[in-house]
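**Q** The structure is given below, and queries will be raised subsequently.
Number of protein chains: 2
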Amino acid sequence: MGLGTVGGGVFDVLQRNQEEIKRRAGRGIELSMVSRRNLAAARAKVGDAAVVVADARAIIANPDIDIVIELIGGYGIAKALVMEAIAAGKHVVTANKALLAVHGTEIFAAAREKGVVVAFEAAVAGGIPIIKALREGLTANRIEWIAGIVNGTTNFILSEMRDKGLDFDAVLKQAQALGYAETDPTFDIEGTDAAHKTTLMSAIAFGIPVQFERAYVEGITRLQAADITYAEQLGYRIKLLGITKRRLNEAGAVVGIELRVHPTLIPMKRLIANVEGAMNAVMVHGDAVGTTLYYGKGAGSEPTASAVIADLVDITRLQTALPNQRVPHLAFQPDELAATPIMPMAQVVSSYYLRLQVADQTGVLARITAILAGHDISIDALLQRESAEGESQTDVIILTHDTVEGKMNQAIAQMQALPTVLAPIVRLRKEELS
Amino acid sequence: MGLGTVGGGVFDVLQRNQEEIKRRAGRGIELSMVSRRNLAAARAKVGDAAVVVADARAIIANPDIDIVIELIGGYGIAKALVMEAIAAGKHVVTANKALLAVHGTEIFAAAREKGVVVAFEAAVAGGIPIIKALREGLTANRIEWIAGIVNGTTNFILSEMRDKGLDFDAVLKQAQALGYAETDPTFDIEGTDAAHKTTLMSAIAFGIPVQFERAYVEGITRLQAADITYAEQLGYRIKLLGITKRRLNEAGAVVGIELRVHPTLIPMKRLIANVEGAMNAVMVHGDAVGTTLYYGKGAGSEPTASAVIADLVDITRLQTALPNQRVPHLAFQPDELAATPIMPMAQVVSSYYLRLQVADQTGVLARITAILAGHDISIDALLQRESAEGESQTDVIILTHDTVEGKMNQAIAQMQALPTVLAPIVRLRKEELS
Numbered sequence: 000m001g002l003g004t005v006g007g008g009v010f011d012v013l014q015r016n017q018e019e020i021k022r023r024a025g026r027g028i029e030l031s032m033v034s035r036r037n038l039a040a041a042r043a044k045v046g047d048a049a050v051v052v053a054d055a056r057a058i059i060a061n062p063d064i065d066i067v068i069e070l071i072g073g074y075g076i077a078k079a080l081v082m083e084a085i086a087a088g089k090h091v092v093t094a095n096k097a098l099l100a101v102h103g104t105e106i107f108a109a110a111r112e113k114g115v116v117v118a119f120e121a122a123v124a125g126g127i128p129i130i131k132a133l134r135e136g137l138t139a140n141r142i143e144w145i146a147g148i149v150n151g152t153t154n155f156i157l158s159e160m161r162d163k164g165l166d167f168d169a170v171l172k173q174a175q176a177l178g179y180a181e182t183d184p185t186f187d188i189e190g191t192d193a194a195h196k197t198t199l200m201s202a203i204a205f206g207i208p209v210q211f212e213r214a215y216v217e218g219i220t221r222l223q224a225a226d227i228t229y230a231e232q233l234g235y236r237i238k239l240l241g242i243t244k245r246r247l248n249e250a251g252a253v254v255g256i257e258l259r260v261h262p263t264l265i266p267m268k269r270l271i272a273n274v275e276g277a278m279n280a281v282m283v284h285g286d287a288v289g290t291t292l293y294y295g296k297g298a299g300s301e302p303t304a305s306a307v308i309a310d311l312v313d314i315t316r317l318q319t320a321l322p323n324q325r326v327p328h329l330a331f332q333p334d335e336l337a338a339t340p341i342m343p344m345a346q347v348v349s350s351y352y353l354r355l356q357v358a359d360q361t362g363v364l365a366r367i368t369a370i371l372a373g374h375d376i377s378i379d380a381l382l383q384r385e386s387a388e389g390e391s392q393t394d395v396i397i398l399t400h401d402t403v404e405g406k407m408n409q410a411i412a413q414m415q416a417l418p419t420v421l422a423p424i425v426r427l428r429k430e431e432l433s
Numbered sequence: 000m001g002l003g004t005v006g007g008g009v010f011d012v013l014q015r016n017q018e019e020i021k022r023r024a025g026r027g028i029e030l031s032m033v034s035r036r037n038l039a040a041a042r043a044k045v046g047d048a049a050v051v052v053a054d055a056r057a058i059i060a061n062p063d064i065d066i067v068i069e070l071i072g073g074y075g076i077a078k079a080l081v082m083e084a085i086a087a088g089k090h091v092v093t094a095n096k097a098l099l100a101v102h103g104t105e106i107f108a109a110a111r112e113k114g115v116v117v118a119f120e121a122a123v124a125g126g127i128p129i130i131k132a133l134r135e136g137l138t139a140n141r142i143e144w145i146a147g148i149v150n151g152t153t154n155f156i157l158s159e160m161r162d163k164g165l166d167f168d169a170v171l172k173q174a175q176a177l178g179y180a181e182t183d184p185t186f187d188i189e190g191t192d193a194a195h196k197t198t199l200m201s202a203i204a205f206g207i208p209v210q211f212e213r214a215y216v217e218g219i220t221r222l223q224a225a226d227i228t229y230a231e232q233l234g235y236r237i238k239l240l241g242i243t244k245r246r247l248n249e250a251g252a253v254v255g256i257e258l259r260v261h262p263t264l265i266p267m268k269r270l271i272a273n274v275e276g277a278m279n280a281v282m283v284h285g286d287a288v289g290t291t292l293y294y295g296k297g298a299g300s301e302p303t304a305s306a307v308i309a310d311l312v313d314i315t316r317l318q319t320a321l322p323n324q325r326v327p328h329l330a331f332q333p334d335e336l337a338a339t340p341i342m343p344m345a346q347v348v349s350s351y352y353l354r355l356q357v358a359d360q361t362g363v364l365a366r367i368t369a370i371l372a373g374h375d376i377s378i379d380a381l382l383q384r385e386s387a388e389g390e391s392q393t394d395v396i397i398l399t400h401d402t403v404e405g406k407m408n409q410a411i412a413q414m415q416a417l418p419t420v421l422a423p424i425v426r427l428r429k430e431e432l433s
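Okay, structure coming up:
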């Protein structure tokens, strides 16, 4: 259902590698029907290899079809079709992160009821088998945290901003001209797409229902070239990270889950800091395995098709297993999902990068550091730029140790009120990922 | 069977995370018996949690046991026990790469015959779920090549040689003192361990039987600090890579498989060039997915236990599936394995790094470059060190483009015979991994 970029890729890869796939799976996989509104375009693509229909419901109505692939996207018709396919007893493979991050609870419950699988490896980080790694490969672990670059458009923009010293707007135009960003790039640059993917990883890692509405989402549109440069001087690179963490109290009990997407300073020497251009990478920290990382193309026709087809083969295999022995949709048995709350952002613990544009006067630093100390926020590094000749203002950059975001907000409000702080304070979060 | 470092880790992780694992798997996993020659040490470790026996055969003889974990290692008793466990109808989980790389064909055939699984995620790259990624996650792809850092000891030694500018022998002693290298480090430093793992990945990637005896194996013992320094100057880092590639003829037909382990120059900007210390990383290039990379701890008690337990959970799940629907041991259906030959090293295609110690005389370079040209070997970069004051000799470093190793061997023999070439020519292979 949907024969666009990814659908075309699925068709191409199944055609090209059908022998190789059959040698592995022990059976062929036949794409028997495809739907696309533009029938002529669909016929031009698949020729006689599959029946072409304009109405996706004709696929769901076909009793000979075992598995339906949803590649339409969005919450509208895609949701209706997925629910109808499940109701018709079909297994579903989808790349639709938005749909699952928002309506996953309803969809997975319906699938369980009918004893069918909804597979979604393609929904997170394209061709990287990260869902399989989290649900199966790391099943022995308590996952402690995940941090991922899961949106290629924003990573491309950040790489270019750093390489060329340009501001966000200039690079976005260039990315759009090159096809790395869509005409309406809102979902990418505002962090929504990354938050959909992080929401899915969070649910799978921690055994909680998908709760996109509780994710904190901050994009890269307000990021300035100056902060990228200062971060580099301090040994950090700025990436848009999707972060989810299990937070423990002092007794070691789980008190909440952090779920957040925002530009983040990461030490340059970390592998993930060196993931450039449109590539994706996800770090997963488990208590037994330690830190692992998964890297590859997070989007595009054939990388996404690679994940869709892996799901197809998995379904053909698991079909003969008892339904309750299959890998659960969210990694944990449905009756074992936890009610652990997603923490409000004010309770999140992070370290911070602050940039303050201050009057070049005696005592300015003393007042700023006193405010931080007053909120129990300790300073990790401080950089004061020499003021340019003839200027009476300068930049002060502060890196802090870990603190609760609520305290940091209070400290920032107090510093902002100082007459010697001349512009809105820039605040970015920092993660050591060690 | 075997309660040493890894066995102890399996016990610890199963104890610590049993609730978490049960929430995922839908059932508990109980370690009911453990064997170790030193009964007192075994009892001190497991207490009352499991029956302790000195003879592993008591485990195989127990009709209540479904899955046997072999963590003894080596080809001797471990092979006998694995074959006996299979004969007794037990599934087997093992971390024993040496055993499978050498005797895999026999072992997998016996398992198939009895309808049991031999699972070995822990045999390659420790806690990184690379076997799962290759066998399942990338199943849609024609794998084109794999290149991996799959031995932590040698990667630690190479990282230290570069950081401290030391020669191999000095760093080995230090690594032994720190416990990063064993008292008899031969299997690690001569590349054997990496070749075992690469052999397994090669079989899974290309659908061929395991053929360790055909692998080309060259360790790091002869590597000199000078070559690490020159490589850095040219923008490369030296890593011990396990490489396996599908080689095509001009018509696109597969003519052979390359399977080799040797020190390799890699461009510094590749992520894998920045994998430091005892960490592992594997790059996999598939035709649909492009390049992916998997990174993590390749050894150690709990990382390896993480992989062992993932296999345990997989087996509990697949037990209810029809045996012929399970993931095949070598990714491809057993009757679909190909007879594609492993190519002799002389037919392998690579680019090269050469270091020639030459007399500082007119015409030396002309003779060397003429020999290379005479073998159709084209030069990518050349670096001639200025000879130190009072010295009449200098180093010439040459990077070549791709050529067949046989031709390179002939060219080296001819250059070596020149009276102006004063020492054995250093030859290293180079991979762009793009």
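Quick mapping for you: the protein sequence lines, in order, are chains A and B. Position one of the first sequence corresponds to residue 0 (numbering that gives the first Met the number 0), numbered consecutively onward. Position one of the second sequence corresponds to residue 0 (numbering that gives the first Met the number 0), numbered consecutively onward. Just so you know, even glycine gets a beta-carbon here, dropped at the ideal spot from N, CA and C.
1. Just to confirm before moving on: does the CB-CB distance between B:D187 and A:E135 stay below 8 Å?
2. Can you check whether the CB of A:V395 is closer than 8 Å to the CB of A:I413?
3. Once you ignore the five residues that flank A:A230 on each side, which residues in its own chain have a CB closer than 7 Å to its CB?
4. Of the choices A:M0, A:I242, A:V115, whose alpha-carbon is the least far from that of A:S31?
5. Between the C-alpha atoms of B:Q210 and A:E120, what's the straight-line distance to the nearest angstrom?
6. Could you compute how far the alpha carbon of B:I76 sits from the alpha carbon of B:M82?
7. Could you name the residues of the segment 117-143 of chain A whose beta carbon sits closer than 7 Å to any beta carbon of chain B, in the order they occur along the chain?
8. Check whether the segment 64-75 of chain B touches the segment 92-100 of chain B, taking contact to mean three or more Cβ pairs, one atom from each stretch, closer than 8 Å.
9. Please confirm whether A:N150 has its beta-carbon closer than 8 Å to some beta-carbon of chain B.
10. Which one or two residues does DSSP pair with B:Q383 in a beta bridge?
11. So, is B:E181 buried or exposed, given that buried needs 16 or more other C-beta atoms within 10 angstroms?
12. Classify B:G6 as helix, strand or coil using the three-state DSSP reduction.
13. Whole angstroms is fine: what's the gap from A:T243's alpha carbon to B:A55's?
14. Looking at A:D375 and the ligand GDP, is the gap between the Cβ and the nearest heavy atom below 7 Å?
15. Rounded to whole angstroms, what is the Cα-Cα separation between A:R15 and A:G8?
16. DSSP on B:H90, reduced to helix/strand/coil?
17. Could you check what DSSP says for A:P266 in three-state terms: helix, strand or coil?
18. With 16 as the cutoff for other CB atoms within 10 Å, does B:P184 come out buried or exposed?
19. Confirm, please, whether the CB-CB distance from B:A422 to B:Q360 is below 8 Å.
20. Residues of chain A with CB under 9 Å from B:V33, in chain order?
21. May I have the straight-line CA-CA distance separating B:A122 from B:K196, to the nearest angstrom?
22. Apart from the five residues just before and just after A:I397, which ones in its own chain have a Cβ nearer than 7 Å to its Cβ?
23. Give me the chain B residues within the contact set of A:L313, using Cβ-Cβ distance strictly less than 7 Å, ordered along the chain.
24. Mind listing which residues of the segment 294-312 of chain A have their C-beta closer than 7 Å to chain B's C-betas, in chain order?
25. For B:A272, which option in B:M342, B:G126, B:L240 has the closest C-alpha, if you only look at C-alpha atoms?
26. List the DSSP bridge partners of A:L239.
27. Check the C-beta distance from A:L329 over to A:I129 and give it rounded, since I have them as a contact under 8 Å.
28. Which residue or residues does DSSP assign as beta-bridge partners of B:S31?
29. So with Cβ pairs under 8 Å, would you call B:I20 a contact of chain A?
30. Excluding the 5 residues preceding and the 5 following A:Y215 in the sequence, name in chain order all residues of the same chain whose CB lies nearer than 6 Å to its CB.
31. Contact check, B:T138 vs A:I66 under 8 Å by CB: the rounded distance?
32. Any idea if A:E388 is buried or exposed, counting beta-carbon neighbours within 10 angstroms, 16 or more meaning buried?
33. Would you mind working out which of A:G88, A:G164, A:I367 sits nearest A:A441, comparing C-alpha positions?
34. State the beta-bridge partners of A:I256 as determined by DSSP.
35. Starting from the C-beta of A:F155, find all residues in its chain whose C-beta is less than 8 Å away, skip the five residues before and the five after it, and write them out in chain order.
36. How would you label A:A193, buried or exposed, when you count the other beta carbons within 10 angstroms and need 16 or more for buried?
**A** Judging by the given coordinates:
1. A distance of 8 Å or more separates the beta carbons of B:D187 and A:E135.
2. Just to set this straight, residue 413 of chain A is Gln in the shown sequence, not Ile. Taking 8 Å as the Cβ cut-off, A:Q413 and A:V395 do not qualify as a contacting pair.
3. Answer for A:A230: R236, I237, L264, Y352, listed in chain order.
4. Nearest option by C-alpha distance: A:M0.
5. Cα-Cα distance, rounded: 33 Å.
6. B:I76 and B:M82: Cα-Cα distance of roughly 10 Å.
7. Listed in sequence order: G126, I127, P128, K131, A132, E135, G136, L137, T138, A139, N140, R141.
8. Three or more beta-carbon pairs separated by less than 8 Å link the segment 64-75 of chain B to the segment 92-100 of chain B, which places the two stretches in contact.
9. A:N150 does not count as touching chain B.
10. For B:Q383, the beta-bridge partners assigned by DSSP are B:V395.
11. With fewer than 16 other beta carbons inside 10 angstroms of its own, B:E181 counts as exposed.
12. DSSP places B:G6 in the helix class (H, G or I) of the three-state scheme.
13. Spanning the two alpha carbons is a distance of roughly 43 Å.
14. With respect to the ligand GDP, the structure shown offers nothing to examine, as it has no ligands at all.
15. When only Cα atoms are considered, A:R15 and A:G8 end up about 10 Å apart.
16. Reduced to three states, the DSSP call for B:H90 is strand.
17. Strand.
18. With 16 or more other Cβ atoms within 10 Å, it is buried.
19. The answer is no: Cβ separation not under 8 Å.
20. From the beta-carbon of B:V33, no residue of chain A is found nearer than 9 Å; the closest lies around 17 Å away.
21. Looking at the two C-alpha atoms, the distance is approximately 7 Å.
22. The answer, listed in chain order, is L353, I378, L381.
23. Checking the displayed sequence, the identity of residue 313 of chain A turns out to be Asp instead of Leu. Correct list: E135.
24. Result list: Y294, G295, K296, E301, P302, A304, S305, I308, A309, V312.
25. Among B:M342, B:G126, B:L240, the Cα nearest to that of B:A272 is on B:L240.
26. According to DSSP, which records beta bridges pairwise, A:L239 is partnered with A:P262.
27. With 8 Å as the limit, A:L329 and A:I129 do not qualify as a contact, their Cβ atoms being about 14 Å apart.
28. Beta-bridge pairing links B:S31 to no other residue.
29. B:I20 has a beta carbon lying within less than 8 Å of a beta carbon in chain A.
30. Excluding its 5 nearest sequence neighbours in each direction, A:Y215 has C-beta neighbours in its own chain below 6 Å: R259, M344, listed in chain order.
31. Not confirmed; about 15 Å, so no contact.
32. So A:E388 ends up on the exposed side.
33. The structure shown has nothing for residue 441 of chain A, since chain A only spans 0 to 433.
34. Under DSSP, A:I256 takes part in a beta bridge, and its partners are A:R245, A:I341.
35. Closer than 8 Å at Cβ, skipping near neighbours: A174, Y179, A180, G276, A277.
36. Looking at its Cβ environment, which holds 16 or more other Cβ atoms inside 10 Å, A:A193 is buried.
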